[in-house]
Amino acid sequence: MTEPLSFELSRPAVDPPRLPEADVSGPAPSELLPKEALRARPPGLPRLSEPEIMRHYSRLASMNYSISENFYPLGSCTMKYNPVVNETAASLPGFAGLHPYQDEDTVQGALELMWRLERALCAIVGVERVTLQPAAGAHGEWTALRMIRAYQHSKGEARTEVLVPDSAHGTNPASAALSGFQVVEVKSGGDGRISLADLESKLSQRTSALMLTNPNTLGLFEREILDIAELVHSTGAMLYYDGANLNAFMGICRPGDMGFDAVHMNLHKTFTTPHGGGGPGAGPVGVKAELVPFLPMPTVERTNGHLMLDFKRPQSIGRVRSFYGNFGMLVRAYTYILAMGGDGLSQASQDAVLSANYLRKLVEGDLEMPHEGPCMHEFVASASHLSHENGVRALDIAKALLDRDFYAPTVYFPLVVPEAIMVEPTETESKATLEAFATAVKEIVALARTNPQALHDEPKNLPVGRLDEVAAARRINTYLQGLSEDPVLRWKAPVQSPC
Amino acid sequence: MLETIGVKSMNDLLVDIPQSLRLESLQLPDGLSEFETMAQVSALAGRNHVYPDRLTFRGGGVYRRFIPAAVAAVTSKPEFYTAYTPYQAEASQGTLQAIYEFQTLIAELTALDVSNASLYDGATAVAEAAMMAFVHTGRNEVLVSGYVHPEYVQVLRAFGEGRGIKVRKGGEPNQKTAAVIFQQPDFLGLLVDAPGLTAAAHDAGALAIACVDPISLAILAPPGEYGADIAVGEGQQLGLEPSYGGPHVGFIACRRELVRKLPGRIVGEAHDASGRRGFALVLAAREQHIRREKATSNICTNHSLCALAASVYLTYMGPYGLRQVAEVGFRRAHALAERLAALPGWEMAFPERQFVNEFPMRVPKAPTVVKKLARKGILGGLDVYRWFRELKGVLTFTCTEVNDARALDELVAALK
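Residue numbers (the numbering used here), protein chains in the order written: chain P, 1 to 499; chain H, 1001 to 1416.
As structure tokens, this is what we get:
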């Protein structure tokens, strides 16, 4: 089943929707503007009636897997249920209808919400202040590194390197490079954790920060975190926490207590704002006291019960986003935290750890576990044995799971594990769902042993089978080199052949 | 479950965490029922004042517009809003095709070759475009021409600092200039000489980056037509609520030659073994998860759902609906400008310049005017003095299809 593009469904006979008329005597654009300032031809937007639009998007919706319908064991992405009350809260007219340039007196409730959310996040991760401006995790990483750099500059230090473990998320090195740093990789030891010896050899007066996630991307808690922090701080460098894995330990421990100086959080992971098929998210950053002067402006301040936006921050790294961040996502996250409370958040993390260990146990007979448990909220398995023996790769297992109504785990990440299959069940899933998933894995692995070709041919039950991305890349390349007019990256009306 | 795992208690699973780090509990109140949660959240919402759409004449980058009911009906489908980034193409065709349609819509609007899947907002879109120019030209200065949104310029500066990119305001492009950035219409609502600025950029070997208002493109010449290399902008007007400034959606489109430097996700057409057409994330080799520190951008999560809203909006409007909306705003703004300019002491701040649906007035006692309007329930002009010291006493007003003729009467009456 495939669905035509809106452009292909377009019919010239469709009238535009009924819209307000001007009802005033003002001139039309063509009466005032010179011809060259005007658009010569209307833009090529599709022309569909409302029922056609609704059916088109309903059919597209039915072609998606989503957390509302499917188990999404996507490692590192924390795909947990998005409570519907969050949506109700964000759509309250008292929030959705606010203009960002309204006077402070008229937005006290919005500022109060931001202030309370900041306090709650401070309590959860153990920091002094939080900026709510960054729009996503990567944006938060970059914001944090800018603050660290500004702080070190203010002390007359020109530190040029950022250390990143080999198991880190790809955004870490990218954010570091965009902040003007050289990236130096730190190796993992045999137990999957950062090698203290390698870290020590790479630390120097040039080191600005170590970027770390804990538990790391293998789902393992860095047991020596306090030694790591001491080592990093002893050279005058700072410790940055990648908050992708925060769902592992809310109420159990805090990055601030571990020694992290800057901490980003993904509200769209840990705090249940929906992922939206790729955003919008929100990536607040928490900092310890010494970094507070460098926070992006504005911050939300409260004096005598009155809330205000503070733009007068002379040492601030400036503005990282227009207005005050993804406010609608802040409302959702605040609603979640309020509903869960301290007790609920702690329980959520414990359940997430329990689920991951349970599922790990259920599939350890079928998939290789390169590292010893227990794990935290996720684990990384490997399909390298199947790959060697049966030619069945992690990707084949992922696609076969899709055919069995499960979204696929993250595959080929982290890079340090060959044929990696990264599974994060989250606290959302019931014991029965975890068991059904384990049964599916068992069936797939059995099939790999007996009929590997059957797996290469999956998925079969979805709107399309495996797409030939190599052929697509070749077409794109030809287009980008100017050798064809077939754009591949957008729809273009087919050239009518004369009949 | 613990028994299956082979441990006695939850604590046995947490053995790797040093004892000294373990918390007793979080310093937060206990959880609430849904009823109590909503009571608290609603109380906060109730402490804000929401101005009626029709009496909102303030813009400055965020505008009140008519939002068709179809937009929320589509974006509130859980199959869209609770899906992840479409890594597994076969199970994400809905999202992927919607993004492909968005890319096509933006390419059509801007008359450029290729659009990406979306960015965070207009401000970061400007900054990302500047990064592209920096990488493409190897030059490290960008020139901001005229009244570009001040917050966009602030974000551009913050982004630029990390890469060693200098942001210069005004003046002529030269051999160091990577790009000339202008806004059409500009922050005050005025039209700039986009073809002239584009030509000047090209003469200096720089790229031309046009920051555009997507609805104005129904009537104004699009960036691709006057030769701009990159078009960026804020898509809030395409079906998104003001929501105190976000989430909205940034868009970016460019010429074919620049596509490999385009940040963020891009969806392309592909086929399966039986020849069925599908869509997938493509050109991943540009992105952070492959290139890591060599990537030109770190963007990962973008604003897919907001892009979906924009797609539904544009599809609902179609070419002629969009033009109708743009023209109504144009006519009403011009009618309003004429009436405001007739008020004693009021005058057009730049009488020789053209505008679309937002315009600057020089008025006596601007802060008092704004307060007076607020008292009458009108969100009046935007005082731009806070950003531009030379614009003391200048308020910008905006009109769209939601400001009916009677609302214009009420505004003028309130000022008399």
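Where is the CB? At the ideal position from N, CA and C, for every residue including glycine.
Local conformation of residue i per DSSP, three classes
i         : result
H:Cys1271 : According to the sequence as given, residue 1271 of chain H is His; it is not Cys. It is a strand residue.
P:Met258  : helix
P:Asp343  : helix
H:Ser1311 : helix
P:Pro100  : coil
P:His385  : helix
H:Cys1306 : helix
P:Phe323  : coil
P:Gln503  : Here chain P has residues from 1 to 499 only, and residue 503 of chain P is not among them.
H:Thr1177 : strand
H:Cys1211 : strand
P:Gly276  : coil
P:His456  : helix
P:Cys122  : helix
P:Val423  : strand
H:Glu1358 : strand
H:Asp1053 : helix
H:Arg1260 : helix
P:Leu467  : strand
P:Asp366  : coil
H:Ile1266 : strand
Euclidean distance between Cα positions of residue i and residue j
i         : j         : result
H:Arg1406 : P:Phe95   : 26 Å
P:Val392  : P:Ile444  : 10 Å
H:Leu1096 : H:Gly1268 : 9 Å
H:Arg1168 : H:Arg1058 : 28 Å
P:Pro16   : P:Ile53   : 13 Å
H:Trp1346 : H:Glu1241 : 32 Å
H:Phe1102 : P:His264  : 30 Å
P:Pro46   : P:Val186  : 51 Å
H:Phe1134 : P:Lys399  : 40 Å
P:Met250  : H:Phe1066 : 42 Å
P:Tyr151  : P:Asn172  : 19 Å
P:Met297  : P:Arg313  : 7 Å
H:Gly1061 : H:Gln1019 : 51 Å
H:Pro1364 : H:Gly1393 : 6 Å
P:Leu307  : P:Lys442  : 56 Å
P:Gln182  : P:Val232  : 17 Å
P:Leu483  : H:Glu1293 : 31 Å
P:Arg11   : H:Thr1315 : 12 Å
P:Ser208  : P:Ser175  : 14 Å
P:Arg332  : P:Gly318  : 26 Å
When the options are compared against residue i, the one with the closest alpha-carbon
i         : options                                    : result
P:Glu424  : P:Asp105, P:Ala493, P:Asp351               : P:Asp351
P:Ala493  : H:Pro1263, H:Leu1262, H:Val1148, H:Thr1104 : H:Thr1104
H:Glu958  : P:Gly140, P:Ile337, P:Ser382               : No answer is possible for residue 958 of chain H: it lies beyond the span of chain H, which begins at 1001 and ends at 1416.
P:Ala89   : H:Ala1111, H:Ala1194, H:Asn1302, H:Val1041 : H:Val1041
H:Arg1260 : H:Ser1115, H:Ile1017, H:Leu1014, H:Val1007 : H:Ser1115
H:Phe1024 : P:Gly180, P:Ala123, P:Thr2, P:Leu291       : Rather than Phe, the amino acid found at residue 1024 of chain H in this sequence is Glu. Answer by Cα proximity: P:Ala123.
H:Ile1378 : H:Gly1046, H:Thr1056, H:Leu1032, H:Tyr1120 : H:Thr1056
P:Thr433  : P:Asp366, P:Glu389, P:Leu359               : P:Leu359
H:Tyr1226 : H:Asp1053, H:Lys1008, H:Ala1199            : H:Ala1199
P:Ser234  : P:Leu203, P:Arg223, P:Leu212               : P:Leu203
P:Pro73   : P:Gln453, P:Gln481, P:Val417, P:Val411     : P:Val411
P:Met329  : P:Glu372, P:Pro374, P:Ala135               : P:Ala135
H:Tyr1063 : H:Ile1219, H:Gly1246, H:Lys1077, H:Thr1085 : H:Gly1246
P:Gly342  : H:Asn1011, H:Gly1006, H:Leu1026            : H:Leu1026
P:Leu48   : P:Leu9, P:Thr78, P:Ala120, P:Glu36         : P:Leu9
is_contact[residue i, chain A] using C-beta, thresh 8 Å
i        : result
P:Ala262 : Protein chains P and H are contained in the structure displayed, whereas chain A is not.
Three CB pairs or more closer than 8 Å across the stretch 1279-1288 of chain H and the stretch 1162-1169 of chain H: Fewer than three pairs of CB atoms, one per stretch, sit closer than 8 Å, so the stretch 1279-1288 of chain H makes no contact with the stretch 1162-1169 of chain H.
Validate contact between the stretch 423-430 of chain P and the stretch 473-481 of chain P using beta carbons, cut 8 Å, 3 pairs: Between the stretch 423-430 of chain P and the stretch 473-481 of chain P, the count of C-beta pairs closer than 8 Å stays below three; the two stretches do not touch.
Inter-stretch contact at 8 Å, needing at least 3 Cβ pairs: the stretch 320-333 of chain P / the stretch 465-472 of chain P: The stretch 465-472 of chain P and the stretch 320-333 of chain P do not touch, with fewer than three beta-carbon pairs separated by less than 8 Å.
Residues of the stretch 1306-1323 of chain H with Cβ closer than 9 Å to any Cβ of chain P, in chain order: So the list reads Cys1306, Ala1307, Leu1308, Ser1311, Val1312, Leu1314, Thr1315, Tyr1316, Met1317, Gly1318, Pro1319, Tyr1320, Gly1321, Leu1322, Arg1323, given in the order they occur along the chain.
At least 3 beta-carbon pairs within less than 8 Å: the stretch 188-199 of chain P vs the stretch 234-253 of chain P: Too few Cβ pairs lie closer than 8 Å, so no.
Interface residues of the stretch 170-197 of chain P facing chain H [CB-CB below 7 Å]: For the stretch 170-197 of chain P, the set of positions with a beta-carbon nearer than 7 Å to some beta-carbon of chain H reads Gly170, Thr171, Pro173, Ala174, Ser175, Ala176, Ala177, Leu178, Ser179, Gly180, Val183 in chain order.
Residues in the stretch 58-87 of chain P having any Cβ partner in chain H nearer than 9 Å: Residues of the stretch 58-87 of chain P whose Cβ lies closer than 9 Å to any Cβ of chain H, in chain order: Ser58, Arg59, Leu60, Ala61, Ser62, Met63, Asn64, Tyr65, Ser66, Ile67, Ser68, Glu69, Asn70, Tyr72, Leu74, Cys77, Met79, Tyr81, Asn82, Pro83, Val84, Val85, Glu87.
Against chain P: residues of the stretch 1073-1094 of chain H by CB proximity under 9 Å: Cβ contacts with chain P: Ala1073, Val1074, Thr1075, Ser1076, Lys1077, Pro1078, Glu1079, Phe1080, Tyr1081, Thr1082, Ala1083, Tyr1084, Thr1085, Pro1086, Tyr1087, Gln1088, Ala1089, Glu1090, Ala1091, Ser1092, Gln1093, Gly1094.
Cβ pair count under 8 Å reaching 3, the stretch 1214-1234 of chain H against the stretch 1249-1264 of chain H: Contact between the stretch 1214-1234 of chain H and the stretch 1249-1264 of chain H is present, because at least three Cβ pairs lie under 8 Å.
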